[in-house]
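Trainee: Okay, handing you the structure first.
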Amino acid sequence: MSGSNVKASKGIAGMILAAVIGVPLFVYLLIKLFTSGSGVDITRPTMTTEAVSARLQPVGSIKVVDGGPPGSKSGKAVYESVCLSCHDTGLAGAPKFADASAWGARISKGFETLWTHAINGFNAMPAKGGSADLTDDEVKRAVAYMGNAAGAKFEESKEAGVATAGIAAIDPATKGKEIYDSVCMACHATGLAGAPKLGDKAAWAPRLKDGVDSAIAIATKGLNAMPPKGGYSGSDAEFAAAVHYLVNNSQ
Ligand code: HEC
Ligand code: HEC
578 MSGSNVKASK GIAGMILAAV IGVPLFVYLL IKLFTSGSGV DITRPTMTTE
628 AVSARLQPVG SIKVVDGGPP GSKSGKAVYE SVCLSCHDTG LAGAPKFADA
678 SAWGARISKG FETLWTHAIN GFNAMPAKGG SADLTDDEVK RAVAYMGNAA
728 GAKFEESKEA GVATAGIAAI DPATKGKEIY DSVCMACHAT GLAGAPKLGD
778 KAAWAPRLKD GVDSAIAIAT KGLNAMPPKG GYSGSDAEFA AAVHYLVNNS
828 Q
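Position one of the sequence shown corresponds to residue 578 (my numbering), numbered consecutively onward.
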């Protein structure tokens with residue numbers, strides 16, 4: 578008899594204990610649930626807009642390469658300013674600089690495949706290493722520089738001078754007109770999105786005050802509603818011929 582009384586009183590004591598601790602705990606948790614929102618303290622220094630957006634930056638986000646006129650950088654200069662960030666340490670599986678075993682199989686794919694991959698991107702390798710303002714020739718030079726450091730015998734094209742010679746060899750009146758008719762006309766014939774019209778001297782004069790080469794450099798990179806190279810996918814030299822055609826007929 579007394580044994581079962583002890584058991585019963587233990588049971589009651591347990592229920593009281595549970596009520597004393599459990600009920601306030603439950604209420605506390607409920608209050609917490611409804612007042613704490615997402616549980617993220619936006620006043621923490623790690624939660625500022627800058628800190629958050631810095632964390633959201635993709636790997637290899639656009640870097641601006643400065644110094645020298647556009648297109649004039651050597652392979653070494655491009656490597657050191659852009660490609661090194663991954664290829665020096667082998668980040669994300671990038672073949673390391675001067676590592677002949679990492680580069681051997683890649684070099685045997687041929688120079689053209691390699692620079693095509695470097696310009697357009699290849700798996701975790703971003704297009705132009707993430708620096709959209711590099712010209713195709715600059716990327717090619719960097720590929721030659723990197724390949725040669727790992728045992729290839731690629732030819733690093735001459736800087737700037739050769740590009741200009743290439744421009745002169747492409748006739749603005751024929752090839753330039755052909756590109757204009759197929760690509761640029763969409764905006765530059767009607768003045769779509771504020772494009773300076775073909776033949777509109779007043780619209781072109783202020784854009785040509787620093788010379789046609791400056792306008793080519795600007796248009797190659799893109800300017801506001803003008804997409805890089807007007808969306809033309811051919812070479813920089815061909816694009817330059819199209820600009821010459823536009824300008825020659827607008828002065
Ligand atoms: C954000 C990191 C990153 C940067 C910056 C970067 N690379 Fe790469 N690159 C890679 C990775 C990763 C690979 C390996 C891709 C694979 O094989 O899947 C690679 C591979 C390559 C290859 C070999 C492609 C092939 O077909 O095997 C070349 C050539 C190359 N990169 C050139 C460059 C050049 C030139 C630059 C600078 C303009 C550059 N990379 C900048 C990450 C990078
Ligand atoms: C989608 C419309 C569009 C296409 C296509 C286009 N352009 Fe443009 N372009 C523009 C606009 C808009 C501007 C003016 C941008 C500004 O000043 O804000 C412009 C400006 C220019 C300029 C002047 C840059 C400067 O220094 O002020 C040149 C040169 C040029 N385009 C060349 C071309 C050539 C060559 C092509 C064809 C290969 C082409 N564009 C295709 C919209 C276009």
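Even glycine gets a Cβ: it sits at the ideal position worked out from N, Cα and C. Quick caveat: nothing in here was measured; it's all calculated off a predicted structure.
To the nearest angstrom, report how far apart Gly743 and Glu732 are at their CA atoms.
Mentor: Per-residue confidence for Gly743 stands at a pLDDT of 43, beneath the threshold of 50, marking its modelled position as unreliable; the derived number appears in the next sentence. Going from the Cα of Gly743 to the Cα of Glu732 covers about 17 Å.
Trainee: Mind checking whether Ala818 and Gly753 have CB atoms under 7 Å apart?
Mentor: Against a cut-off of 7 Å, the Cβ pair of Gly753 and Ala818 comes out as a contact.
Trainee: In whole angstroms, give me the CA-to-CA distance for Cys761 and Ser678.
Mentor: Distance between the alpha carbons of Cys761 and Ser678: 46 Å.
Trainee: Between Gly807 and ligand 2, is the CB less than 6 Å from at least one heavy atom?
Mentor: Under cutoff, so the answer is yes.
Trainee: Using a threshold of 6 Å, is the CB atom of His765 nearer than that to any non-hydrogen atom of ligand 1?
Mentor: For ligand 1, not one heavy atom lies less than 6 Å from the Cβ of His765.
Trainee: What would DSSP say about Ala817, mapped onto helix, strand or coil?
Mentor: DSSP places Ala817 in helix when its eight states are reduced to three.
Trainee: Helix, strand or coil for Leu563 per DSSP?
Mentor: Residue numbering for the chain in the displayed model covers 578 to 828; residue 563 lies beyond these limits and cannot be assessed.
Trainee: State yes or no: is the C-beta of Gly830 nearer than 6 Å to some heavy atom of ligand 1?
Mentor: What is shown of the chain runs 578 to 828, which leaves residue 830 out entirely.
Trainee: So for Phe688, helix, strand or coil by DSSP?
Mentor: The answer is helix: DSSP assigns Phe688 an H, G or I state.
Trainee: Under the criterion of a Cβ to heavy atom distance below 6 Å, does Arg683 qualify as lining ligand 1?
Mentor: Under cutoff, so the answer is yes.
Trainee: From Ala737 to Ala779, what does the alpha carbon distance come to, in whole angstroms?
Mentor: Only weak support exists for where Ala737 lies, its pLDDT of 49 falling under 50; the value from the coordinates is given anyway. When rounded, the distance between both Cα atoms is 31 Å.
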